[in-house]
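Residue numbers (the working numbering): 576 to 964.
For glycine and all other residues, C-beta sits at the position ideal for the given N, C-alpha and C.
For reference, the structure is listed below as structure tokens.
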């Protein structure tokens, strides 16, 4: 078939030489990096980020990084490169402290995608992903695996199931993040056909895994600046769009408010979308808004809490969303504590610390609950008070 496409042996030889040449250039780049930087991924990673203009963090930056990061990943591997990204941002004094655990997610996405592309055993890259940078490794690796190997949903579901059983069921953590990554990959694998992708997600046996997979589909199609394709336009009537889907209606509606805010940058309109959802969905829709606020405002407690206050009767679930995503970015709980400390209304602050404690226990059991609450300052009593059923 290749012979037919190229037309003659002469072109086959030329094509082979081009492939060998490209491989030789990459090998030379990798060898040069090794000679220059030794075993420390940090300097090589920093050079790639600087070359692409990391402060811009726009589509041109991500496209550049995808190219510049390849020899770094080839030399140091996915996990060392992602760790170097996190360390790079933690050292950037120009960033607010709250942002330093949040902003490396997209880079981790790209690094793991590139890692899959160059790996001899790509499934091992996926299985070895760690939680740092908000589970960006899981998300990017799953996407790349579907592009590289096709229909491997059952294989990845097995990997995610094993991670889930030994990990936490808390949203955004461990196995749940793994399933979310599958959703990213399925959206691409399905040719950006949202119904087809969601139908494939519905084949996941794990109930929570189905939902997490669906959130990955929505994020990939509507809100993913790190991928090669442009995102789809948001529906004018997002709730109506969700109700028309054959599967994952509730998951879609829980995401609707957050997407409205991304479109309009208007908190009142975002919460209005949640109020237009069925009554049993509106509060979880507000949780989704808060979860998005955390990432949109890069963990800034003042901005996140202020934006949630526009929700009025939906403020409390919005703040819960801040807490959930805070744990995704940093399992220590320090981001969540900052959120609760920023809440000025006494009753809301108490409920915030109570939810923080409950979440910490769900995340890591009694020991995790006690560790997080011990750092809660004036909220320590509320954090400890009603965290256990």
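Query raised in the report: Going by Cα to Cα distance, which pick from 847, 833, 837 and 789 is closest to residue 820?
Result: Locating residue 820 in the chain shown gives position 245, counting from the first residue. Closest option to residue 820, Cα to Cα, is 789.
**Report entry** residue 907 (DSSP reduced to helix, strand or coil)
**Finding:** Numbered from 1 along the chain shown, position 332 holds the residue referred to as residue 907. Residue 907: coil per DSSP, three-state reduction.
Query raised in the report: By Cβ distance, which residues of its chain are closer than 8 Å to residue 677, with the 5 residues on each side in sequence left out?
Result: For this step, residue 677 is matched to residue 102 along the chain shown. Around residue 677: 709, 869, 870, 873, 874 and 904.
Report task. For residue 942, count neighbouring Cβ atoms within 10 angstroms of its own Cβ and tell me buried if that reaches 16, exposed if not. Result -> Mapped onto the chain shown, residue 942 falls at position 367. Answer is exposed; the Cβ neighbour count stays below 16.
Query raised in the report: Among 732, 760, 669 and 667, which residue has its Cα nearest to the Cα of residue 716?
Result: Here residue 716 refers to the residue found at position 141 when the chain shown is read from its first residue. The shortest C-alpha separation from residue 716 is found at 760.
Requested in this report: Kindly indicate which three-state DSSP category residue 768 falls into: helix, strand or coil?
Outcome: Within the chain shown, numbered from 1, the residue matching residue 768 stands at position 193. Coil, per DSSP.
Query raised in the report: Expressed to the nearest angstrom, what Euclidean distance is found between the alpha-carbon atoms of residue 828 and residue 773?
Result: Reading the chain shown from its first residue, position 253 is the one you call residue 828. Reading the chain shown from its first residue, position 198 is the one you call residue 773. Roughly 14 Å between the two C-alpha positions.
Requested in this report: Tell me whether residue 954 is buried or exposed, calling it buried when 16 or more other Cβ atoms sit within 10 Å of its Cβ.
Outcome: Residue 954 sits at position 379 when you count from the first residue of the chain shown. So residue 954 ends up on the buried side.
Query raised in the report: Would you call the stretch 678-686 and the stretch 721-735 in contact, with 3 or more CB pairs under 8 Å?
Result: no
Query raised in the report: Do you know offhand how far residue 830's Cα is from residue 844's?
Result: As a position in the chain shown, residue 830 is number 255, starting the count at 1. As a position in the chain shown, residue 844 is number 269, starting the count at 1. Between residue 830 and residue 844, the C-alpha separation is close to 14 Å.
Requested in this report: For my contact list, residue 842 and residue 885 are in at a C-beta cut-off of 8 Å; report their separation, rounded to the angstrom.
Outcome: What you label residue 842 is simply residue 267 of the chain shown in a count that begins at 1. What you label residue 885 is simply residue 310 of the chain shown in a count that begins at 1. With a Cβ gap of about 4 Å, residue 842 and residue 885 count as contacting.
Report task. Taking residue 697 as part of the alpha helix (DSSP H), name the residues at either end of that continuous run. Result -> Mapped onto the chain shown, residue 697 falls at position 122. Segment 697-702, the alpha helix (DSSP H) holding residue 697.
Query raised in the report: Should residue 919 go down as buried or exposed, given a rule of 16 or more other Cβ atoms within 10 Å for buried?
Result: Reading the chain shown from its first residue, position 344 is the one you call residue 919. By the neighbour-count rule (16 or more Cβ atoms within 10 Å), residue 919 is not buried but exposed.
Query raised in the report: According to DSSP, is residue 627 helix, strand or coil?
Result: Stepping through the chain shown from its first residue, residue 627 is reached at position 52. In the structure shown, residue 627 sits in a helix (DSSP, three-state: H, G or I).
Report task. May I have a chain-ordered list of the alpha helix (DSSP H) segments no shorter than 4 residues that lie completely inside the stretch 782-848? Result -> 782-797, 813-818 and 824-839
**Report entry** Option in 645, 646 and 624 with minimal Cα separation from residue 636
**Finding:** Reading the chain shown from its first residue, position 61 is the one you call residue 636. Selected option, being the one with the closest Cα: 624.
**Report entry** Neighbourhood of residue 659 by C-beta distance below 7 Å, restricted to the same chain and skipping five residues each side
**Finding:** To locate residue 659, count along the chain shown from 1; it is residue 84. Closer than 7 Å at the Cβ level, and outside the excluded window around residue 659, lie 616, 617 and 620.
Report task. Check residue 959 in the structure and name its three-state DSSP category. Result -> Within the chain shown, the letter at position 384 stands for residue 959. DSSP places residue 959 in helix when its eight states are reduced to three.
Query - Minimum Cβ-Cβ distance from residue 691 to chain D less than 8 Å - result: Within the model displayed, chain D is absent; a lone protein chain is all it includes.
Query raised in the report: Would you report the Cα separation of residue 672 and residue 763, rounded to the nearest angstrom?
Result: Taking the chain shown and counting its residues from 1, one reaches residue 672 at position 97. Taking the chain shown and counting its residues from 1, one reaches residue 763 at position 188. Their backbone Cα atoms lie some 34 Å apart in a straight line.
**Report entry** Boundaries of the alpha helix (DSSP H) in which residue 614 is found, first to last residue
**Finding:** To locate residue 614, count along the chain shown from 1; it is residue 39. Note, residue 614: premise wrong, no alpha helix (DSSP H); not H, not E.
Query raised in the report: Mind checking whether residue 543 and residue 758 have CB atoms under 8 Å apart?
Result: Since the displayed the chain opens at 576 and closes at 964, residue 543 lies outside it and no answer follows.
Query raised in the report: Near residue 781, which residues of its chain fall below 8 Å by C-beta distance, leaving aside the five closest residues on each side in sequence?
Result: Within the chain shown, numbered from 1, the residue matching residue 781 stands at position 206. So the list reads 732, 735, 736, 739, 750 and 754, once near-sequence residues are dropped.
Requested in this report: Pick helix, strand or coil for residue 918, following the three-state DSSP scheme.
Outcome: As a first step, residue 918 must be located in the chain shown, where it is residue number 343. The answer is coil: DSSP assigns residue 918 none of H, G, I, E or B.
Query raised in the report: Taking all protein chains shown into account, do 16 or more other C-beta atoms lie within 10 angstroms of the C-beta of residue 668, making it buried, or fewer, making it exposed?
Result: For this step, residue 668 is matched to residue 93 along the chain shown. Residue 668 comes out exposed.
Query raised in the report: Any idea what DSSP makes of residue 711, helix, strand or coil?
Result: Along the chain shown, one-based indexing puts residue 711 at 136. Here residue 711 sits in helix by DSSP.
Query raised in the report: Near residue 702, which residues of its chain fall below 7 Å by C-beta distance, leaving aside the five closest residues on each side in sequence?
Result: Numbered from 1 along the chain shown, position 127 holds the residue referred to as residue 702. Cβ within range, chain order: 734.
**Report entry** Nearest neighbour of residue 653, chosen from 806, 934, 859 and 711 [CA to CA]
**Finding:** Your numbering for residue 653 matches position 78 in the chain shown. Out of 806, 934, 859 and 711, 711 has the C-alpha closest to the C-alpha of residue 653.
Query raised in the report: In its own chain, which residues sit with a C-beta less than 6 Å from the C-beta of residue 857, not counting the 5 before and 5 after it?
Result: The count along the chain shown starts at 1 and reaches residue 857 at position 282. Cβ within range, chain order: 849 and 850.
Query raised in the report: What is the DSSP secondary structure of residue 670, counted as helix, strand or coil?
Result: One-based indexing of the chain shown puts residue 670 at position 95. It is coil, neither helix nor strand.
Query raised in the report: Under a Cβ-count criterion, where at least 16 other Cβ atoms within 10 Å of its own Cβ denotes burial, should residue 924 be classed as buried or exposed?
Result: In the chain shown, counting from the first residue as 1, residue 924 sits at position 349. So residue 924 counts as buried.
Query raised in the report: Straight-line CA distance for residue 867 to residue 614?
Result: If you number the chain shown from 1, residue 867 lands on position 292. If you number the chain shown from 1, residue 614 lands on position 39. Roughly 37 Å separates the two Cα atoms.
**Report entry** Same chain, Cβ closer than 6 Å to residue 690, neighbours up to 5 away in sequence not counted
**Finding:** Translated into positions along the chain shown, residue 690 becomes position 115. Here the set comprises 648, 653 and 700.
Query raised in the report: Given that a residue counts as buried once 16 or more other Cβ atoms are within 10 Å of its Cβ, and exposed if not, what is residue 839?
Result: Taking the chain shown and counting its residues from 1, one reaches residue 839 at position 264. So residue 839 counts as exposed.
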